[in-house]
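Written out below as structure tokens is the structure these notes cover.
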Amino acid sequence: MIIRTETEKDYGGIREVNIRAFGNREDEANLVDRIRKSKGFLPSLSLVAEEEGTIIGHLLISKAEVVGEGSVHEVLVLAPIAVEPSRQKQGIGGRLIEEGLSRCRQLDYDVLLLIGHPEYYPRFGFRPARPLGLELKQFPVPDEVFMGLELKEGGWSRVRGELKYPEAFL
Ligand SMILES: CC(C)(COP(=O)(O)OP(=O)(O)OC[C@H]1O[C@@H](n2cnc3c(N)ncnc32)[C@H](O)[C@@H]1OP(=O)(O)O)[C@@H](O)C(=O)NCCC(=O)NCCS
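The sequence shown begins at 1 in the UniProt record's numbering and counts up by one.
If you want it as structure tokens, here you go:
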């Protein structure tokens, strides 16, 4: 199994793995397609897990904004992540996230934010974001599912305000 950047040839396989991982619905596959066409898309942060020519996992990290009083801070958001149902709980999601984090740390962003399973993401260092000064009003989710991870030292102290997901997410 290898983790690598997506190419155009992977688009179909990425759709399929997202549809299957999210219980045969197309919402997340469509979300990926919309983000890819948007200005927040970062090509090096759309990662696939490939095994023998088949896409068995996908992770997408893209740009969003945190809007504070008189400030707009560009941040990263992780969504979605999908692993082929028959291959879940084998560490593939973990490998995608670790590679994604390593690539994010080479870029110039303070934090990576997400909405996700509170049992899963803390193992990678994610912590609830609201107590650290972030707000999220677009999606009224409980505090424990709105999480973030500091990518650069002091990152949390520089990011204050409301996370605004771009149009592609709405
Ligand atoms: C979430 C997901 C990407 C994790 O990938 P994975 O390859 O199964 O994850 P890993 O093998 O690296 O890690 C497995 C761990 O994740 C946990 N996990 C997997 N899915 C989970 C879920 N829906 N809720 C909570 N924990 C979950 C497992 O319980 C396991 O925990 P353990 O190590 O304590 O036993 C994958 O399960 C998936 O595609 N799920 C469906 C789509 C989805 O929910 N995406 C995330 C939206 S936030």
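Just so you know, even glycine gets a beta-carbon here, dropped at the ideal spot from N, CA and C.
These figures come from a predicted structure and were not determined experimentally.
In this structure, does DSSP put residue i in helix, strand or coil?
i           : result
residue 176 : Since the first and last residues shown for the chain are 1 and 170, residue 176 lies out of range.
Ser-38      : coil
Leu-107     : coil
Val-159     : coil
Ala-168     : helix
Pro-128     : strand
Val-145     : helix
Gly-68      : strand
Lys-63      : strand
Glu-74      : strand
Glu-119     : coil
With which residues is residue i paired in a DSSP beta bridge?
i     : result
Arg-4 : Val-48
Which one of the options has the shortest CA to CA distance from residue i?
i       : options                           : result
Ala-82  : Ala-64, Leu-76, Ile-97            : Ile-97
Glu-167 : Arg-123, Asp-143, Glu-65, Gly-148 : Glu-65
Ala-29  : Gly-12, Leu-163, Ile-3            : Gly-12
Gly-116 : Phe-169, Glu-51, Pro-80           : Pro-80
Arg-20  : Glu-99, Arg-87, Ile-2, Ser-46     : Arg-87
Val-111 : Thr-5, Ser-46, Gly-148            : Gly-148
Glu-50  : Glu-6, Leu-31, Glu-119            : Glu-6
Arg-123 : Glu-135, Lys-137, Gly-93          : Gly-93
Val-159 : Leu-31, Pro-131, Arg-4            : Pro-131
Would you call residue i buried or exposed, if buried means 16 or more other Cβ atoms sit within 10 Å of its Cβ?
i       : result
Ala-141 : It is Val, not Ala, that sits at residue 141 in the sequence shown. That one is exposed.
Ile-14  : buried
Val-72  : exposed
Glu-153 : exposed
Glu-150 : buried
For chain B, is any of its Cβ atoms less than 8 Å away from the one on residue i?
i       : result
Cys-104 : Among the protein chains of the structure shown there is no chain B, as only one such chain exists.
Using the Cα positions of residue i and residue j, report the straight-line distance between them to the nearest angstrom.
i       : j       : result
Asp-143 : Leu-107 : 27 Å
Thr-54  : Glu-69  : 46 Å
Gln-90  : Gly-57  : 11 Å
Lys-9   : Val-48  : 11 Å
Lys-164 : Leu-78  : 13 Å
Gly-133 : Phe-22  : 31 Å
Asn-24  : Glu-84  : 11 Å
Glu-52  : Glu-99  : 20 Å
Phe-41  : Asp-33  : 10 Å
Leu-170 : Glu-74  : 18 Å
Ala-129 : Met-1   : 33 Å
Ser-62  : Ile-35  : 8 Å
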